[in-house]
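Encoded as structure tokens, the structure appears first; notes follow it.
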Amino acid sequence: DVKVTQSSRYLVKRTGEKVFLECVQDMDHENMFWYRQDPGLGLRLIYFSYDVKMKEKGDIPEGYSVSREKKERFSLILESASTNQTSMYLCASSFIIGNPQYFGPGTRLTVL
Amino acid sequence: GNSVTQMEGPVTLSEEAFLTINCTYTATGYPSLFWYVQYPGEGLQLLLKATKADDKGSNKGFEATYRKETTSFHLEKGSVQVSDSAVYFCALSDEAGNQFYFGTGTSLTVIP
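Keeping their order, the protein sequence lines are chains R and D.
Residue numbers for the first sequence follow my numbering, so the first one is 38 and each next one is one higher.
Residue numbers for the second sequence follow my numbering, so the first one is 4 and each next one is one higher.
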């Protein structure tokens, strides 16, 4: 059974802190994605990666960076968290870009 | 460009009612189409898909038919249950398989 896990379900951080969100998939997928989900805005793509050490900006990359040192792991980094980054963060993976994406359970991040 | 438009929610139905959630798309060529479901507090799960015109995807009593002539992929279920309460997302991947697009989601609440 396919599995995407995220390091935390809930996270509370303070403004200015550096925040790491981790995502691991066990399906040997080439592609991994980070989205944020906000009420009324649906899913918005932050970054995606199509291979180890490769990354592409999505629709809203500002304030975020990513790291993919191993195929199974994709990290989202908030260099200096701000209150407007309070959101639900969803990680996903797929074998090919156009294939169905498999999602993790999400991390609800609150920045105070 | 490519896009997906879903009917606005929220939708509230009584148990055993008929469900339709409208989805239309804009894309060149022949995209693949998907419905995802997100249960409260969870990530998105693939519900069904269709990869070519006139295909019908089905799963768990839900159905959707890929209509090229009306550029639509409406989700239907003949008799909803309380356990179907969730947010439903329509999505497409472009013909080349290079991009994936999500709609904004439609919240469904089924009351006993």
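The beta-carbon is built from N, C-alpha and C at its ideal position, and this holds for glycine as well.
Bear in mind that the values here come from a model prediction, so they are computed numbers and not experimental data.
Check: Please classify V89/R: does DSSP put it in a helix, a strand, or coil?; Outcome: coil
Check: Please name the residue in D75/R, Q138/R, L149/R and G143/R whose C-alpha comes closest to that of D65/R.; Outcome: Q138/R
Check: Going along the segment 113-134 of chain R in order, which residues come within less than 7 Å of chain D, judged by CB to CB distance?; Outcome: L127, I133 and I134
Check: Go ahead and pull the three-state DSSP assignment for Q84/D.; Outcome: coil
Check: Spell out a yes or no on whether the segment 93-103 of chain R and the segment 38-53 of chain R are touching, meaning 3 or more CB-CB pairs, one atom from each, closer than 8 Å.; Outcome: no
Check: How is T109/D classed by DSSP in three states: helix, strand or coil?; Outcome: strand
Check: Helix, strand or coil: how does DSSP classify L74/D here?; Outcome: Sequence inspection shows Thr at residue 74/D; the Leu mentioned does not correspond to that position. Coil.
Check: With 7 Å set as the bound, which would you pick, yes or no: does the beta-carbon of S96/D sit closer than that to a beta-carbon of chain R?; Outcome: yes
Check: When burial is assigned at 16 or more other CB atoms within 10 Å of the CB, is L113/R buried or exposed?; Outcome: buried
Check: Where does K52/D land, buried or exposed, given buried means 16+ other C-beta within 10 angstroms?; Outcome: buried
Check: Are the C-beta of L47/D and some C-beta of chain R separated by less than 7 Å?; Outcome: yes
Check: Would C60/R and F132/R be called neighbours here (beta carbons separated by less than 7 Å)?; Outcome: no
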